[in-house]
Amino acid sequence: MKVKETTLPGVGKKFAISLQSGDELVVIVHVTGERELFLFRRDADEPCAAIPLTDLEAREVAMILGGAAYEPTPLHQAELVLRGLVIDWLTIVEGSPLSSHTIAELQIRKRTGVSVIAIKRGEKIIPSPDPNERLEVGDLILLVGTGEQMRRFQETFGVA
Amino acid sequence: MERELAGFALALLLISVGGFAARLLRLPLLLGYLFVGLLAQPLLRPFPSLVLLSSIGVMLLLFFLGMEFDWRRLLASPKRLLITAADFAFNFLLPFSLLLLLGLELPTAFLIAMALYPTSSAITISALLQFRRLANPETETIVWVLVGEDLAIVALLAIASGLTGTEFSWTSIATAFAFIVVMLVASVVLTNWLETLFERIPAELDNILTLSIIVLISTLAHLLHLSEALGAFLAGLLFSGTRDREELEQRLHLLRELGTAAFFFTFGLQSSLRVSTLGAIYGLGLSVFGAIAKTLTGWLSGIFDNLRQRARIRLLLSLWVRGEFSIIALLMGKDVLPSVWQEALSWFVITSIVSGLIALAAAGKIAERKA
Numbered sequence: 491m492k493v494k495e496t497t498l499p500g501v502g503k504k505f506a507i508s509l510q511s512g513d514e515l516v517v518i519v520h521v522t523g524e525r526e527l528f529l530f531r532r533d534a535d536e537p538c539a540a541i542p543l544t545d546l547e548a549r550e551v552a553m554i555l556g557g558a559a560y561e562p563t564p565l566h567q568a569e570l571v572l573r574g575l576v577i578d579w580l581t582i583v584e585g586s587p588l589s590s591h592t593i594a595e596l597q598i599r600k601r602t603g604v605s606v607i608a609i610k611r612g613e614k615i616i617p618s619p620d621p622n623e624r625l626e627v628g629d630l631i632l633l634v635g636t637g638e639q640m641r642r643f644q645e646t647f648g649v650a
Numbered sequence: 005m006e007r008e009l010a011g012f013a014l015a016l017l018l019i020s021v022g023g024f025a026a027r028l029l030r031l032p033l034l035l036g037y038l039f040v041g042l043l044a045q046p047l048l049r050p051f052p053s054l055v056l057l058s059s060i061g062v063m064l065l066l067f068f069l070g071m072e073f074d075w076r077r078l079l080a081s082p083k084r085l086l087i088t089a090a091d092f093a094f095n096f097l098l099p100f101s102l103l104l105l106l107g108l109e110l111p112t113a114f115l116i117a118m119a120l121y122p123t124s125s126a127i128t129i130s131a132l133l134q135f136r137r138l139a140n141p142e143t144e145t146i147v148w149v150l151v152g153e154d155l156a157i158v159a160l161l162a163i164a165s166g167l168t169g170t171e172f173s174w175t176s177i178a179t180a181f182a183f184i185v186v187m188l189v190a191s192v193v194l195t196n197w198l199e200t201l202f203e204r205i206p207a208e209l210d211n212i213l214t215l216s217i218i219v220l221i222s223t224l225a226h227l228l229h230l231s232e233a234l235g236a237f238l239a240g241l242l243f244s245g246t247r248d249r250e251e252l253e254q255r256l257h258l259l260r261e262l263g264t265a266a267f268f269f270t271f272g273l274q275s276s277l278r279v280s281t282l283g284a285i286y287g288l289g290l291s292v293f294g295a296i297a298k299t300l301t302g303w304l305s306g307i308f309d310n311l312r313q314r315a316r317i318r319l320l321l322s323l324w325v326r327g328e329f330s331i332i333a334l335l336m337g338k339d340v341l342p343s344v345w346q347e348a349l350s351w352f353v354i355t356s357i358v359s360g361l362i363a364l365a366a367a368g369k370i371a372e373r374k375a
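Same order as they appear, the protein sequences are chains C and Y. Numbering of the first sequence is given in the numbering used here, commencing with residue 491 and proceeding in unit increments. Numbering of the second sequence is given in the numbering used here, commencing with residue 5 and proceeding in unit increments.
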């Protein structure tokens with residue numbers, strides 16, 4: 491699988507994924523948070539399908555595609571590396587500096603660059619959690635960031 | 005106060021109506037703002053708070069350009085530099101020399117060429133978005149043409165600051181370039197400091213502090229007799245290396261949208277609808293020249309970027325629209341440009357937007373038929 495990432499200044503980023511079928515899937519992530527999906531048939535230079543998604547819709551789709559709702563093989567602690575992007579699960583244990591604080595209080599993104607994109611609490615999945623969501627012991631949180639940001643996260647919060 | 009407030013309410017209402025009409029017609033919203041401004045002339049004159057909002061709009065537009073501007077990436081690609089050079093030669097150097105040959109004064113020729121030169125990023129990008137062409141292969145080329153123009157425009161704005169005073173002034177030009185150098189150095193040196201500063205202050209103040217830095221640097225530029233637009237671009241450069249850049253773009257998005265709308269609306273309000281025959285002829289001439297020169301740019305860029313035939317044809321028709329920078333050039337030349345040329349430029353901007361959008365909309369079908 492080949493993912494080609496290009497910056498479109500003023501627009502956002504374009505990710506072109508060459509699929510096994512020979513088609514190309516293009517994802518455009520706008521600076522405004524909107525996403526667009528395009529499908530280019532083999533060798534075509536105009537898309538045969540264009541799907542605009544809001545931020546929330548895109549996250550929901552990503553969660554489903556990522557296997558958060560239904561995953562035949564276990565996903566725990568799976569680490570996915572996509573062109574420098576790391577997605578990782580972390581369980582909040584007793585005594586963790588993260589427990590009983592809201593995401594906003596912890597300023598996770600501001601301090602480390604890492605984003606919390608979902609929380610699994612028991613059977614409940616909270617996609618794109620509100621910054622005021624309080625993290626509890628036992629929560630499984632889904633983090634996304636670059637390798638460097640993940641390291642910063644580990645240093646800042648002293649968790650692995 | 006009541007009058008101003010009522011005017012403001014009316015302006016916002018009209019802007020919404022214009023935007024809505026444009027959406028219904030499947031056109032970029034900015035076009036709706038401009039046209040509703042033109043039509044609203046009997047109802048409204050530009051008033052201070054609207055003009056202020058519209059200057060904040062320009063500042064933010066330029067600030068975001070500066071923030072996203074990565075000169076290293078542009079300079080790293082000889083192919084893209086070549087495209088930028090071709091674009092500059094066809095759309096600035098050529099008309100500039102022709103106008104000088106025709107006997108126009110240096111500042112007049114310079115400002116007209118400067119208004120002719122840049123394709124409007126704001127309108128073109130939103131049209132490409134509207135027509136669902138952002139993922140197409142030619143769009144990358146278009147975007148890089150636009151980025152190259154940002155680089156050139158900064159230099160042109162700096163030179164223009166020396167031409168728009170009462171007399172030609174090397175000092176102003178030197179000041180402008182010194183200012184650019186200082187800000188370039190600052191953007192490298194101050195990144196860490198700026199990040200620390202933003203980490204220390206409460207998150208609620210991020211927007212206000214950013215906006216005050218933008219307005220402060222723009223005002224500083226103004227005090228140095230440079231363009232505020234240049235100041236705002238350089239303020240953006242200051243933030244370009246910081247980590248929170250993308251977050252900042254999202255946070256200031258609303259204000260930028262409002263300001264840009266006010267900017268195009270105010271331009272509509274200010275454009276004189278009565279135009280002399282000579283002004284109309286000049287305006288038409290500029291539009292035709294502008295379309296041909298941009299088609300040439302598209303043709304060469306398509307070859308440089310190795311695009312396939314259909315993408316190449318679409319590219320030819322995608323660069324015609326002028327907008328924010330041309331309006332800035334026109335506003336800078338208010339005291340310098342002969343009134344007939346001011347009329348011509350207003351009409352040039354409007355006709356280039358209309359014809360450019362028609363070309364953009366038709367590009368897909370034309371490419372399909374030709375290929």
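From the three backbone atoms N, C-alpha and C, an ideal C-beta is built for every residue, glycine too.
- Per the coordinates, the alpha-carbon of Y/F12 lies some 21 Å from the alpha-carbon of Y/V219.
- Note on C/V627: under 16 other CB atoms within 10 angstroms of its CB, so exposed under the neighbour-count rule.
- Interface with chain C (9 Å Cβ-Cβ cutoff): Y/G368 is included.
- The Cβ of C/T592 sits no closer than 9 Å to any Cβ of chain Y.
- Judged by DSSP in its simplified three-state form, C/S605 adopts strand.
- A straight line joining the alpha-carbon of Y/H226 with that of Y/L106 spans about 32 Å.
- Distance from Y/L273 to Y/A44 at the Cβ level is roughly 6 Å; contact confirmed, criterion being Cβ atoms closer than 8 Å.
- With a threshold of 9 Å between beta carbons, C/P537 makes contact with chain Y.
- Contacts with chain C at 9 Å (Cβ-Cβ) do not include Y/L64.
- Among the residues facing chain C, Y/I354 is not included, as its CB has no counterpart in that chain under 9 Å away.
- Secondary structure in the stretch 219-290 of chain Y: no beta strand (DSSP E) run of 3 residues or longer lies completely within the stretch.
- Residue pairing from DSSP places C/F505 in a beta bridge opposite C/E495 and C/V517.
- In the DSSP assignment, Y/V186 falls within the unbroken alpha helix (DSSP H) covering W174 to V193.
- Note that the C-beta distance between Y/L341 and Y/L230 is not below 9 Å.
- Contact of C/T522 with chain Y by beta-carbon distance below 7 Å involves Q254 and H257.
- Assignment of C/T581 by DSSP, reduced to helix, strand and coil, places it in the strand class.
- Closest in alpha carbon position to C/I507, among C/V521, C/P499, C/T497 and C/L529, is C/L529.
- Counting only Cβ-Cβ distances below 7 Å, C/T496 has contacts in chain Y at E144, in chain order.
- The beta carbon of C/E584 lies closer than 7 Å to those of V627 in the same chain, with the five residues before and after it left out.
- DSSP lists C/L575 as the beta-bridge partner residues of C/T636.
- Y/A295 places its beta carbon 9 Å or farther from that of Y/E142.
- Take C/T646, set aside five residues on each side of it, and the residues of its chain with a beta-carbon closer than 6 Å to its own are R601 and T602, in chain order.
- The bridge partners DSSP lists for Y/A126 come to none.
- Contact with chain Y is found for C/I518, since one of that chain's Cβ atoms lies less than 9 Å from the residue's Cβ.
- In summary, Y/E253 is buried, with 16 or more beta-carbon neighbours lying within 10 Å of its beta-carbon over all protein chains present.
- Counted as a single uninterrupted DSSP element, the alpha helix (DSSP H) harbouring C/R549 occupies residues D545 to G556.
- As the crow flies, the alpha-carbon of Y/I116 is around 9 Å from that of Y/G337.
- Within its own chain, the residues whose Cβ lies closer than 8 Å to the Cβ of Y/T299, once the five positions on either side in sequence are excluded, are L320, L321, L323 and W324, listed in chain order.
- Runs of the alpha helix (DSSP H) lying entirely within the stretch 12-62 of chain Y, each at least 4 residues long, are 33-43 in chain order.
- Between Y/G61 and Y/F39, the C-beta spacing is not below 9 Å.
- Chain-order list of chain C residues neighbouring Y/R312: D535, by C-beta distance under 7 Å.
- Using beta-carbon distances, Y/V149 does not count as an interface residue toward chain C, since no partner is under 9 Å.
- For C/A540, the C-beta contacts it makes with chain Y under 8 Å involve R136 and A139, in order along the chain.
- Sixteen is the threshold: when 16 or more other Cβ atoms of the shown chains lie within 10 Å of the Cβ of Y/F352, as they do, the residue is buried.
- Residue burial annotation: Y/E328 is buried, with at least 16 other C-beta atoms found within 10 angstroms of its C-beta.
- Spatial neighbours of C/G502 in its own chain (CB-CB distance under 7 Å, excluding positions within 5 residues in sequence) are listed in chain order as I518, V519, H520 and V521.
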